[in-house]
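Q: Sequence lines, in order, name chains F and H. Quick note on the numbering used here: the first sequence kicks off at 249 and runs consecutively. Quick note on the numbering used here: the second sequence kicks off at 249 and runs consecutively.
Number of protein chains: 2
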Amino acid sequence: MLKYQQIAIEIEKYIEENELQQGDKLPVLETFMAQFEVSKSTITKSLDLLERKGVVFQVRGSGIFVRRHRRKGYISLLSNQGFKKDLDDFNVTSEVIELEVRKPTEEAAVNLNIEQSDDVYYVKRIRNINGQTLCLEESFYNKSIITYLNNEIVSESIFHYIREGLGLKVGFSDMYLQVDQLNAEEAKYLQLEPGLPKLCVESIFHLTNGQPFDFSKVTYNYQQSQFFIQANSY
Amino acid sequence: MLKYQQIAIEIEKYIEENELQQGDKLPVLETFMAQFEVSKSTITKSLDLLERKGVVFQVRGSGIFVRRHRRKGYISLLSNQGFKKDLDDFNVTSEVIELEVRKPTEEAAVNLNIEQSDDVYYVKRIRNINGQTLCLEESFYNKSIITYLNNEIVSESIFHYIREGLGLKVGFSDMYLQVDQLNAEEAKYLQLEPGLPKLCVESIFHLTNGQPFDFSKVTYNYQQSQFFIQANSY
DNA sequence: CATTATAATTGTACCGGTATAATTTATCAA
DNA sequence: TTGATAAATTATACCGGTACAATTATAATG
Numbered sequence: 249m250l251k252y253q254q255i256a257i258e259i260e261k262y263i264e265e266n267e268l269q270q271g272d273k274l275p276v277l278e279t280f281m282a283q284f285e286v287s288k289s290t291i292t293k294s295l296d297l298l299e300r301k302g303v304v305f306q307v308r309g310s311g312i313f314v315r316r317h318r319r320k321g322y323i324s325l326l327s328n329q330g331f332k333k334d335l336d337d338f339n340v341t342s343e344v345i346e347l348e349v350r351k352p353t354e355e356a357a358v359n360l361n362i363e364q365s366d367d368v369y370y371v372k373r374i375r376n377i378n379g380q381t382l383c384l385e386e387s388f389y390n391k392s393i394i395t396y397l398n399n400e401i402v403s404e405s406i407f408h409y410i411r412e413g414l415g416l417k418v419g420f421s422d423m424y425l426q427v428d429q430l431n432a433e434e435a436k437y438l439q440l441e442p443g444l445p446k447l448c449v450e451s452i453f454h455l456t457n458g459q460p461f462d463f464s465k466v467t468y469n470y471q472q473s474q475f476f477i478q479a480n481s482y
Numbered sequence: 249m250l251k252y253q254q255i256a257i258e259i260e261k262y263i264e265e266n267e268l269q270q271g272d273k274l275p276v277l278e279t280f281m282a283q284f285e286v287s288k289s290t291i292t293k294s295l296d297l298l299e300r301k302g303v304v305f306q307v308r309g310s311g312i313f314v315r316r317h318r319r320k321g322y323i324s325l326l327s328n329q330g331f332k333k334d335l336d337d338f339n340v341t342s343e344v345i346e347l348e349v350r351k352p353t354e355e356a357a358v359n360l361n362i363e364q365s366d367d368v369y370y371v372k373r374i375r376n377i378n379g380q381t382l383c384l385e386e387s388f389y390n391k392s393i394i395t396y397l398n399n400e401i402v403s404e405s406i407f408h409y410i411r412e413g414l415g416l417k418v419g420f421s422d423m424y425l426q427v428d429q430l431n432a433e434e435a436k437y438l439q440l441e442p443g444l445p446k447l448c449v450e451s452i453f454h455l456t457n458g459q460p461f462d463f464s465k466v467t468y469n470y471q472q473s474q475f476f477i478q479a480n481s482y
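(1) Based on the DSSP secondary-structure assignment, which residues constitute the bridge partners of H/Glu424?
(2) Could you say which of H/Leu250, H/Glu434 and H/Ile452 lies nearest to H/Ala357 if we only look at CA atoms?
(3) Within 9 Å of any Cβ in chain H, is that where the Cβ of F/Ala282 sits?
(4) Is the separation between the beta-carbon of F/Tyr425 and that of H/Leu326 shorter than 9 Å?
(5) Could you say if the segment 456-474 of chain H and the segment 304-313 of chain F meet the contact criterion of at least three C-beta pairs nearer than 8 Å?
(6) Anything in chain F within Cβ reach of H/His408, meaning under 9 Å, just list it in chain order.
(7) I need the straight-line Cα distance from H/Ser481 to F/Val418, nearest angstrom please.
(8) If you drop the 5 nearest sequence neighbours on each side, which residues of the same chain put their C-beta closer than 6 Å to that of H/Tyr252?
(9) Please list, in chain order, the chain H residues whose beta carbon lies closer than 8 Å to that of F/Leu326.
(10) Just grab the DSSP bridge partners of F/Asp462 for me.
(11) Quick one: list the residues of chain H neighbouring F/Asp422, beta-carbon separation under 7 Å, in chain order.
(12) Using three-state DSSP, classify F/Gly311 as helix, strand or coil.
(13) Flag this pair as yes or no: are the beta carbons of F/Tyr468 and H/Val314 separated by less than 9 Å?
(14) Figure out for me which residue from F/Val371, F/Leu250 and F/Val304 has the closest Cα to the Cα of F/Gln246.
(15) According to DSSP, is F/Asn535 part of a helix, a strand, or is it coil?
(16) Going residue by residue through the segment 347-381 of chain F, where are the continuous beta strand (DSSP E) segments of at least 3 residues, counting only ones entirely within it?
(17) I'd like to know if the segment 264-284 of chain H and the segment 463-479 of chain F are in contact, where contact means that at least 3 CB-CB pairs between them fall below 8 Å.
(18) Within 10 Å of its beta-carbon, does F/Ser464 have 16 or more other beta-carbons around it, so buried, or fewer, so exposed?
(19) Would you report the Cα separation of F/Tyr502 and F/Ile401, rounded to the nearest angstrom?
(20) How far does the alpha helix (DSSP H) with H/Ile263 in it reach, from first residue to last?
(21) DSSP on F/Glu412, reduced to helix/strand/coil?
(22) Would H/Gly321 be called buried (16 or more neighbouring beta carbons within 10 Å of its own) or exposed?
(23) Please look up how many angstroms separate the CB atoms of H/Leu347 and H/Leu397, rounded, as I've assumed it's under 8 Å.
(24) Have a look at H/Ser365 and F/Arg318 and give me their C-alpha separation to the nearest angstrom.
(25) From which residue to which residue does the alpha helix (DSSP H) around F/Gln283 run?
(26) Figure out for me which residue from F/Val368, F/Glu434 and F/Phe461 has the closest Cα to the Cα of F/Ser421.
(27) I'd like to know if F/Lys372 contacts chain H, where contact means its C-beta is closer than 9 Å to some C-beta of that chain.
(28) So what's F/Ile323 in DSSP terms, helix, strand or just coil?
(29) Give a yes or no on whether the C-beta atoms belonging to H/Thr381 and H/Leu447 are separated by under 9 Å.
(30) Which residue from F/Asn378, F/Gly413 and F/Asn390 puts its Cα closest to that of F/Val368?
(31) What does the alpha-carbon distance come out to for the pair F/Phe284 and F/Gly379?
(32) Beta-carbon within less than 7 Å of H/Leu440's beta-carbon, same chain only, minus the 5 sequence neighbours each way: which residues are those?
(33) Roughly how many angstroms separate the alpha carbons of F/Ala435 and H/Cys383, rounded to a whole number?
(34) Go ahead and pull the three-state DSSP assignment for H/Ile345.
(35) Could you tell me the distance, in whole angstroms, from the CA atom of F/Leu277 to the CA atom of H/Glu355?
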């Protein structure tokens, strides 16, 4: 673990344990430098990381302050591991509908940057939250990267397996959002009526080296899904 | 203008002018150092900035690569100036319905961190894109920060005025998304039928010093609004 | 007491350096 | 040709420094 990552974790832990609120001031840079016995640039890097994560904001000439959104129960759209992490307060379970190796749709092939003759793992599952149906998820995993999946893995966190089990490093993702009306099939799975609203999120997940490995289409139950995003200006 | 910001702008311009595509490799760090005659850390800072903006991704041991989402016509949810910037290819106009100084709702007061006895500018407007109704927007601006607004400003880009006219620095924002069904009033303004889907985005915009100055509720026409988000892992 | 000028505080920009880790390329052996 | 091994390339971590800009606190002024 890198120093600046470790320090970021400890600062975040400190904020949580002491239940600091939006606007609360943290110790000054020099204090952190002394406390962790590292140079100024390392502390700066830790704090920049926390700033990007939306945990703090820094004000030149003033100090470092805690940033905390107030509302509870919202899913972060930006923590790009199948949101398992943001909801560990909640009870998230998965119900696997389909899991097999197949050829990708044209759309999936394009987004994964592969040929339609290449193999993908196709995963279809329903995710529940506190007993309620949260979303319907269809994913295509590039099989030459995600070489193996089974029912057990897919029932749990696929991304955790990708990181820990396969030792791959997840980099960035592109997400596309659309709102529309539920069709018959989606409505059935989400236990809603056709024509009611839905939120569709298409995501393309890449490794740190830029290779796309997962193309997912997720249809959310509009009654269960509230999202939040923390944005920074550049 | 800071060196690293200027360099970032020039690199981005270079990418656009040469129409570089996803995965295309940029010159190595040392080339940039020589070209711009700055130290390595300054170039690194420029590239980190571009990485956060989703313009490039860096691969240790390999190089710096262009990152470009493929789909056109999607609005970025993260560029937190009233999306005017992402759509200058499009024709975005505003129709002001209401503009006045008033007392905030309780909800607005809470989110702006002020008292209900304080003054706010209340702005209600419809935003059109290519002649189509894009969204209905209701905003509350803390009058002690945004001291003056008029019809002309509100018809154009409020955020541009806040930055250039008032000299304020916009920092971060918290956004909350929800999907639901249109009520009668919303449907009327968006020229849709009640009961059809809507996307509601509530945003709280803060200055760089952490002060919230704008609480907005935007209801999008689901037929017109497609969004994209570029996420990075930390 | 309000206003203004000054000083202290505090984070940011930028330099230039060493060491290291990930990746790619080149080399060599089978 | 293949596969392993070594070398070169390339970005990242981390150090420690100077100068500077924004903010806040203090002192001076009327």
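Where is the CB? At the ideal position from N, CA and C, for every residue including glycine. Keep in mind the model is a prediction, meaning the values are calculated, not measured.
A: Checking against the coordinates, here is how it stands:
(1) The amino acid occupying residue 424 of chain H in the given sequence is Tyr; Glu does not appear at that position. According to DSSP, H/Tyr424 bridges with F/Phe476 and H/Glu450.
(2) H/Ile452
(3) no
(4) Note that residue 425 of chain F is Leu in the sequence shown, not Tyr. No.
(5) yes
(6) None at all; the shortest Cβ gap to chain F is about 13 Å.
(7) 7 Å
(8) Thr290, Lys293 and Ser294
(9) Ile477 and Ala479
(10) F/Tyr389 and F/Phe453
(11) His317, Phe476 and Gln478
(12) strand
(13) no
(14) Nothing in the structure corresponds to residue 246 of chain F, since chain F is present only between 249 and 482.
(15) Given that chain F is displayed from residue 249 to residue 482, the structure contains no residue 535 of chain F and the question cannot be resolved.
(16) 368-377
(17) no
(18) buried
(19) What is shown of chain F runs 249 to 482, which leaves residue 502 of chain F out entirely.
(20) Lys251 to Glu265
(21) helix
(22) exposed
(23) 7 Å
(24) 22 Å
(25) Leu277 to Phe284
(26) F/Phe461
(27) no
(28) strand
(29) no
(30) F/Asn390
(31) 44 Å
(32) Leu430 and Asn469
(33) 26 Å
(34) strand
(35) 36 Å
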